[in-house]
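Residue numbers (the numbering used here): 292 to 745.
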């Protein structure tokens, strides 16, 4: 465990430290597209955050290769090299798209080629554990097609979720944490070395996301772009492929006892079929709904619009930060709910707990105007938006003073109104959303409401 944690910390540190210089490079390179109608942010913000994430991945793999126990993963398996090859290719395509905005079909072809590169080096699904049937061996073509499909679906699901500051990185980090716990349990609990690569991939993925999140939380100073979203989508898919198609269920010695006991005992075997789907359940649902919506309108499935789930959360009144936290909540509930069920499928408290948390999530969705306030003693430990404030006397030329009490609606919406009054600033202007090498962020206010989305 210590070596996994060390790898995670090194990956996060390298990603965090490189994101600042990468941001300056993106500004110089002109990777700052103009504000589009569907954009949520109000000011031009540099992309190419995936560059820092990729070098963080490389640093994590390099460190893991020199650790005592994790070095055996590189000796006994070619999967880390396969991951690095596919990641390098998809990252390069993403960098080109962030700069030049290449065609969607070209990106789709690149995703398939990156998946094919990993398959050629051994990272593929060899068999599937089917409930009631057992392990079903796949032919080479079946395994290749299934692997490519899973990679492409996961990449695009994560890419579609990258619509709000910190959303994609946070959701994937939650998913990677759940998958790490599952992979570590299979590797350490059952002694299966074939689960070690997937566990390593999950640790690396958590490090990449955690290192990038401080720069990407609202208001974001840099976006990961397609170079980052496609990269973390591929790493997430690689972990799912490794533990699903490489771990032999028969080696877990679970098929014993009565038929009822065997069904309960083999739940950990079947969970890999479901866990990758539950991990990307929210972005995958968004992906399916977007394809159906756009096809129904006669548009291309790759045409961007404002109909994503996070857009709808903003439309019903949730603030930017609250919409992101709600998406985090549902991702964690689905991923860790499946993880808990894999540990003990017969416990009724797990089902009841998931139902209770689902009710809490629905309640949060129905309270878009509620803004929590910290108690007096904790005000120094929370962001200013959650602190109670005294009445403020405005200058005479700005109209009558407004008293904001603890339960006042004006105070509850202060953050939302400030966000709506920000005026878009042209590319190249000093202070653009932290988008220059020096200078503070723009604080110009305007009375016009902004109804755009990323």
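Ideal Cβ positions, reconstructed from N, Cα and C, are used throughout, including at glycine. Note that the coordinates shown come from a computational prediction; the quantities given were computed from them, not determined experimentally.
Taking all protein chains shown into account, decide if residue i is buried (16 or more other Cβ within 10 angstroms of its Cβ) or exposed.
i, result
"residue 609", "buried"
"residue 306", "buried"
"residue 474", "buried"
"residue 402", "buried"
"residue 513", "buried"
"residue 409", "buried"
"residue 450", "buried"
"residue 391", "exposed"
"residue 456", "buried"
"residue 368", "buried"
"residue 360", "exposed"
"residue 622", "buried"
"residue 427", "exposed"
"residue 430", "exposed"
"residue 577", "buried"
"residue 371", "buried"
"residue 642", "exposed"
"residue 613", "buried"
"residue 484", "exposed"
"residue 583", "exposed"
"residue 384", "buried"
"residue 646", "exposed"
"residue 348", "buried"
"residue 671", "exposed"
"residue 411", "exposed"
"residue 668", "exposed"
"residue 434", "buried"
"residue 579", "exposed"
"residue 418", "buried"
"residue 292", "exposed"
For residue i, name the three-state secondary structure that DSSP assigns.
i, result
"residue 610", "coil"
"residue 417", "coil"
"residue 493", "helix"
"residue 308", "helix"
"residue 368", "coil"
"residue 531", "helix"
"residue 630", "helix"
"residue 299", "helix"
"residue 605", "helix"
"residue 509", "coil"
"residue 322", "coil"
Report all residues from its chain with a CB closer than 7 Å to the CB of residue i; omit the five preceding and five following residues, and keep chain order.
i, result
"residue 471", "490, 493, 494 and 497"
"residue 356", "362 and 365"
"residue 388", "398 and 517"
"residue 299", "494, 497 and 498"
"residue 469", "570, 626, 627 and 630"
"residue 486", "474, 477, 478, 534 and 538"
"residue 414", "370, 373, 374, 529, 532 and 533"
By Cβ distance, which residues of its chain are closer than 6 Å to residue i, with the 5 residues on each side in sequence left out?
i, result
"residue 374", "529"
"residue 520", "449, 450, 453 and 459"
"residue 386", "518"
"residue 342", "313"
"residue 615", "455, 457 and 458"
Near residue i, what residues of its chain come up, given a Cβ to Cβ distance below 8 Å and the 5 sequence neighbours on each side ignored?
i, result
"residue 404", "380"
"residue 507", "340, 456, 457, 460, 513, 514 and 515"
"residue 393", "384 and 387"
Am I right that residue i and residue j are in contact with their C-beta atoms under 8 Å? What's the rounded C-beta distance?
i, j, result
"residue 250", "residue 350", "Outside the displayed range of the chain (292 to 745) lies residue 250, so it cannot be described from this structure."
"residue 515", "residue 453", "7 Å"
"residue 465", "residue 626", "6 Å"
"residue 346", "residue 522", "Contact doesn't hold; Cβ gap of about 11 Å is too wide."
"residue 396", "residue 416", "About 25 Å; that fails the 8 Å criterion."
"residue 443", "residue 406", "7 Å"
"residue 303", "residue 526", "That pair is no contact at about 14 Å."
"residue 358", "residue 294", "5 Å"
"residue 310", "residue 503", "6 Å"
Within 8 Å of any Cβ in chain D, is that where the Cβ of residue i sits?
i, result
"residue 510", "Considering every chain present, this structure includes no chain D. It has just one protein chain."
Output the residue ranges of the alpha helix (DSSP H) runs that lie fully inside the region 328 to 362 and measure 4 residues or longer, sorted by chain position.
341 to 356
Which runs of the alpha helix (DSSP H) fall wholly inside the region 391 to 477 and span at least 4 residues, in chain order?
395 to 411, 431 to 452 and 458 to 475
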